[in-house]
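The numbering used here puts the last residue of the sequence shown at 641; the count rises by one with no breaks.
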Amino acid sequence: DDPELYCEACLALAEIGDGANRRAALRYLQRTRESIDEDTQRTGALALGRTGAVLTTDVLDLLEEMANGFGPNAATATALLAQQEQRERFRSKLEAIEKARSDEAEARADARVLTPEDVEMLETILEMVRNDHMEGEKFSREELLAAAADGMLKTVDPYSTYFTGEEYGEFWFDLNPEYGGIGAYVRTIDGVFTIVRPIYSGPAFEAGLLSGDKVFSVDGWSTADQPDDEIIKRLKGPPGTEVKLEVYRDGWTEPREFELSRRKIELPVLQTERLPDGVLYLELISFTVDCGRLVAEAIQEAQQDGEVRGVVLDLRNNPGGSLEQAVAICDAFLDRGKLIVTTRARVGEVERHVTRMPALVDEEIPLTVLINKYSASASEIVAGALSVHGRATTIGERTHGKGSVQVMRRIPGLPDERYIDGNRNRIKDEWEEYEDRNGNGQYDFGPKVKLTVAYYFLPDGSTIHTQRDHEGRVTEKGGVEPDEAVEFWRYEPIVLRELDRLIEKGAFQDYAEKIVAENLTQAIELAEYDGRDVSRYPGWSEFYASLETFLDEDVARQWVRRGLRNAAEVSDARGSLFPGGGFRGDFQEDPQLEAAIRRIMEKSGRDTLAVPEYKAAFGAQDETAAAQEAEGGEKRENG
């Protein structure tokens, strides 16, 4: 009867349960998609996103719908999509398991690892499930074997995992988010293959394609009634090759032809924004291959364009990734030779990872790092190391507490398919030829085991890893405690209910769309900065009166402006997305970012209230605090 309670219970089961319980929890959450109640569906989708599991296309679509809307859950949906974006756009979830293993390979593995009694026990349980379990016929032998392997690993710790070939392919793509193509997020909408949003550094946007454009054909081949995977396959190809698209846009009398040259596309993992008074805001979404270079280039570009007087590195909702890239990020802010992290394993020597390059940002320039409970692994290493060395102030919430090292192990006898490494980068690129051993028309990885082999330790010797006992119970909480704890604000329940009413009737959305349609330039200006001044919005008095609400005008303004910042037309015109998501990353509305800016201004001896944009955004709080301090001082003198 209570979908929120049901989903929270499933989340708890997924977090603390063993492999079998985790799978059961995920199945229970998936069933919320079958509910006729939309609230149950949405609550279930948010819960599935929080589990960190690979999400199905329908769940991703629902999260995207929420993220593009105005509901209170839009910010959460946006954050979850940021973590799953690469999977959603370019890797739809394929079959759950690879083809059956050869009997010879199984026999060799069994002979090395399992006794005959062990094998017999597993076979007996497997047959019991397949023959007698009420749900047994829904699972193949290979799926059950994979579940057994994953259950064994999950018993040891939450981060060791068995990957089928398909699952490893998705994981590999997340760490190497590159492909040859036109650079656009695409899917079928209302029966027509549509560009949801171009990647603003890609050939599609450079050729003039915009959000909402409909693609009727690819190289003369009609996209009508074709599956998305097949259309995307035709859009992709070796960099440098040409592709012709027949495109229709609302307002055109007939379709037009665009000829694009495919390029190697890197999915954006770094969003930047130049904030007032020389503050550079860097939002790092994940620690993928080469993200250190991207951060360095963003800093150098900002330095060339003008003075950088402070840096905010936003690692909120960043799940981590490459240890090498974590060190590379620290390279930008610490001098050569600084210890970042030490790894200690059961066997082998202790490994020390140190910075290798001179700092790009002068140590006199203040640095703040934003963190929250979804910041994990490499994010915690960067935040912790910069804080320990006294280079940065960490602001926000305690981090997740994942301080363990995982390595990917191959399974003997089950290799990846062979391919011709044309550019010799030791990575299977989309366009490279391969040996299709099973004839399924796609490149197949072999299964892999991700195994925890070491723990991270910060430069001061502390661990960020959450310690658990044999039963999986937390015995010592891990994570990085922020230097300055700041929570994100929350609406009171009565305000949330009123917001739901107004959002359901489309009040904020309709008004935002009207501003975009009538004056795009004004819409962009308001989206970037409105000074919390409702008089800047055309026809505001009439609009606010039409709401018939007790909500403060400033709350209504927040949601209208959020709609402007999410508008595809605004992003297309700017040639970039706004960083963060929802109110996160918006210095006018984000209390953690506001705290970071205040700390930067304080450390550099500047007056926050002397910057008009900051004074309008959060100066009233500073003025109130200053007045209270002055009043207190006067009372002490009189006393």
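We put the CB at the ideal spot given by N, CA and C, even for glycine.
How far does the alpha helix (DSSP H) with residue i in it extend, from its first residue to its last?
i    : result
R499 : P495 to E506
Y513 : A509 to E520
D574 : A570 to R576
G51  : E40 to T53
Y665 : With the chain running from 3 to 641 in the structure shown, residue 665 is simply not present.
D333 : L325 to D333
L65  : T59 to A69
A150 : R143 to V158
M130 : P118 to D134
I383 : A380 to V390
P205 : P205 to E208
In terms of DSSP beta bridges, what is residue i paired with?
i    : result
E467 : The sequence shown places His at residue 467, not Glu. DSSP output for H467 lists no bridge partner at all.
V245 : L262
Q560 : In the DSSP output, where bridge partners are listed per residue, Q560 has none listed.
W223 : V220
I342 : None; I342 has no bridge partner.
K605 : Answer is none; K605 lacks a bridge partner.
K452 : T163 and M410
E285 : Q273 and D316
I267 : Y181
G583 : R586
A612 : Answer is none; A612 lacks a bridge partner.
In its own chain, which residues sit with a C-beta less than 8 Å from the C-beta of residue i, not counting the 5 before and 5 after it?
i    : result
Q302 : L362
F552 : E500
V455 : A347, R348, V407, Q408 and V409
I422 : E434, E435 and Y436
A304 : T274, R276, L282 and V310
Take residue i as the anchor and find which of the options has the nearest alpha-carbon.
i    : options                   : result
Y616 : G253, E591 and W542       : E591
R600 : V281, D231, D152 and F195 : V281
E248 : V220, P414, D39 and V476  : V220
E244 : E259, D252 and E232       : E259
K246 : D231, T255, L147 and S224 : S224
D364 : A378, A394 and F589       : A394
A298 : L325, N320, D307 and F335 : F335
E483 : K235, T468, G587 and F580 : T468
R566 : L595, E550, L611 and K516 : Sequence check: residue 566 is Leu here, not Arg. Residue K516 is the option with its Cα nearest to L566.
N440 : T401, P417 and I267       : P417
R29  : D152, E125, A55 and K507  : A55
Could you tell me the boundaries of the beta strand (DSSP E) in which residue i lies?
i    : result
T370 : L369 to I373
I191 : A186 to I191
P200 : V194 to P200
S406 : S406 to R412
R276 : L272 to L277
V356 : E353 to V356
Which residues in the same chain as residue i place their Cβ atom closer than 7 Å to its Cβ, once the five residues preceding and following it in sequence are excluded?
i    : result
Q88  : With a pLDDT of 46 at Q88, under the threshold of 50, the modelled position of that residue is not reliable, and no figure is offered here.
A300 : L272, T274 and L284
R91  : A caution first: R91 carries a pLDDT of 41, below 50, which makes its placement in the model unreliable, though a value can still be read off. Excluding sequence neighbours, R91 sits near Y187.
R338 : T357, R358, M359 and P360
A570 : R199, S213 and G214
V329 : I342, H355 and T357
L460 : V343, G386, A387, V390 and I466
A49  : C9, C12, L13 and L31
A514 : V562, G565, L566 and A569
Report the three-state DSSP secondary structure of residue i (helix, strand or coil).
i    : result
Y458 : strand
F552 : coil
I397 : strand
R251 : coil
E303 : helix
R236 : helix
A361 : coil
V297 : helix
V291 : coil
Y376 : coil
Y531 : coil
V536 : helix
A111 : For A111, the predicted model reports a pLDDT of 46, less than 50, meaning its position is unreliable and no value from the coordinates is stated.
Apart from the five residues just before and just after residue i, which ones in its own chain have a Cβ nearer than 6 Å to its Cβ?
i    : result
V194 : K216
T665 : This structure cannot speak to residue 665, because the chain is shown only from 3 to 641.
Q444 : none
I413 : P449
G322 : F289, A378, S379, A380 and S381
V613 : P278 and D279
R2   : Because the chain here runs from 3 to 641, residue 2 falls outside it and cannot be looked at.
With hydrogens ignored, establish whether the beta-carbon of residue i is closer than 7 Å to any heavy atom of the ligand MG.
i    : result
R600 : As far as ligands go, the structure on display features none, and thus does not contain the ligand MG.
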